[in-house]
Amino acid sequence: MSIEIFETKKNKPSAVYSGYQYRKFRSNIENIITWLCINERSEKCKGILKTKDNCVVSEMTHSCKPNEAKIDVKKQVANIRRRVCETDLSVSKIYQEEIFSLFQRGYEIMTEIPTLSSIKSSLHKTRRRVQGISSEASTAADIVLSSELLKLSDNSTFLLADTNRIIVFVTQKCKDILQKSKKFYSDGTFKSCPKQFLQIYSLHADIGSSLEEVNIIPIVFALLPNKTQATYVKLFTILKEANWSPECLTMDFEVAAIMGAKIVFPALEIKGCNFHFNQCLWRQVQSIGLADAYKCNTEIRLSIRMCAAFLPEEDIDDAWIKIQEDRIFF
Numbered sequence: 001m002s003i004e005i006f007e008t009k010k011n012k013p014s015a016v017y018s019g020y021q022y023r024k025f026r027s028n029i030e031n032i033i034t035w036l037c038i039n040e041r042s043e044k045c046k047g048i049l050k051t052k053d054n055c056v057v058s059e060m061t062h063s064c065k066p067n068e069a070k071i072d073v074k075k076q077v078a079n080i081r082r083r084v085c086e087t088d089l090s091v092s093k094i095y096q097e098e099i100f101s102l103f104q105r106g107y108e109i110m111t112e113i114p115t116l117s118s119i120k121s122s123l124h125k126t127r128r129r130v131q132g133i134s135s136e137a138s139t140a141a142d143i144v145l146s147s148e149l150l151k152l153s154d155n156s157t158f159l160l161a162d163t164n165r166i167i168v169f170v171t172q173k174c175k176d177i178l179q180k181s182k183k184f185y186s187d188g189t190f191k192s193c194p195k196q197f198l199q200i201y202s203l204h205a206d207i208g209s210s211l212e213e214v215n216i217i218p219i220v221f222a223l224l225p226n227k228t229q230a231t232y233v234k235l236f237t238i239l240k241e242a243n244w245s246p247e248c249l250t251m252d253f254e255v256a257a258i259m260g261a262k263i264v265f266p267a268l269e270i271k272g273c274n275f276h277f278n279q280c281l282w283r284q285v286q287s288i289g290l291a292d293a294y295k296c297n298t299e300i301r302l303s304i305r306m307c308a309a310f311l312p313e314e315d316i317d318d319a320w321i322k323i324q325e326d327r328i329f330f
């Protein structure tokens, strides 16, 4: 029976045979490799495997128990590490694709599966090493964008601008959509942003939504160093110079972004995002101490239901007066 070999995270060969995992110990001039059980130190296991040309020559009995579930997880993680080195897919995407099949095999193997957060750092480190990046950049200014990393399969680049460390990414296809569409949505996110920047700002184009179907796609991503009005003015100016001429832009309620858009596009119609509007309302409910009352009191909950935005515009004033008349003092 042949053995299975994979690389560990230290780039050393590891053998799998009959539910046991081994580490390479030595090889002789006859090309016979001696493998020791990986529990040789932790559990004093004396299991030894000798192989030649990936076939077993001899095997010494183990004192530890086999753990096929743990070994299968290690092999899958090794496959993740290999793909991280060989492809440009995101680490999280590769993790999902490789780990998904393991979740179908029951609780025993699930307890052995590492979380993405526990291995993500080492995977990124592995990718940087393969790409020849000595260490992670500590500041935005230290980041080097090589031409090879910015090329797509058709050799086109997706870097639109890199100035004052505002970095804007857009493909040619998305640039065409940027120039032709008139209705857009924008938003910034901080949680998933690289630590050298403050936020990832994205622009989404409506390419044909209807009452029955929403058809909105992301087309521009920008790494921003801060959220000042001057930065938004610079970002929108970069997009304007790329022939962006929006008629309507739906945004969150960040004043600096709104003012920046108005400076660059004075005639632009700006609308507020209902999701962010409701977030603002809920923060206000919490700040004035109504959170518990909202959860427990039906009448208060009906008054703060965050539904006014769904009313026809001509009915909003009357609805607001009705809410005021029905309000509860406490």
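Numbering (the UniProt record's numbering), first residue to last: 1 to 330.
Note that the Cβ used here is the ideal one computed from N, Cα and C, for glycine as well.
Small disclaimer: the values here were computed from a predicted structure and weren't measured.
Beta-bridge pairing of residue i - partner residues as DSSP gives them
i           : result
L203        : S186 and V220
R26         : T34
E269        : C248
residue 340 : Residue 340 lies beyond the residue range present for the chain, which begins at 1 and ends at 330; the question has no answer from this structure.
I143        : Partner(s): none; I143 has no beta bridge.
I5          : A15
L49         : W35 and E59
T163        : I166
Y20         : Y17
Status (buried if at least 16 other CB within 10 Å, exposed otherwise) for residue i
i    : result
M60  : exposed
F330 : For F330, the pLDDT reaches just 46, beneath the cut-off of 50, and the residue's location in the model is therefore unreliable, although a value from the coordinates is still provided. So F330 ends up on the exposed side.
R81  : buried
K74  : buried
V255 : exposed
V130 : exposed
L223 : buried
I238 : buried
D187 : buried
Limits of the beta strand (DSSP E) - the one that residue i falls within
i   : result
S14 : P13 to Y17
V56 : C55 to M60
Beta-carbon proximity list for residue i, same chain, < 7 Å, skipping 5 on both sides
i    : result
R26  : T34
G260 : Q229, Y232, V233 and F236
H62  : Y20, C37, C45 and G47
L145 : L159 and D162
I99  : Q76 and I113
Nearest-angstrom beta carbon gap, residue j and residue i [assumed within contact, 8 Å]
i    : j    : result
S122 : K9   : 6 Å
W244 : Q179 : 7 Å
P218 : S192 : Incorrect: roughly 13 Å between the Cβ atoms, too far for contact.
S101 : L116 : Actually they are not in contact, since the Cβ atoms of S101 and L116 sit about 16 Å apart, beyond 8 Å.
Same chain only: Cβ atoms within 6 Å of residue i, ignoring 5 sequence neighbours per side
i    : result
L149 : none
S156 : Q172
E247 : K182
Span of the alpha helix (DSSP H), counted from its first residue to its last, around residue i
i    : result
I94  : V91 to I99
L211 : No alpha helix (DSSP H) holds L211; DSSP gives it neither H nor E.
E299 : T298 to S303
Own chain partners of residue i with C-beta closer than 8 Å, once the 5 adjacent residues on each side are dropped
i    : result
W320 : A308
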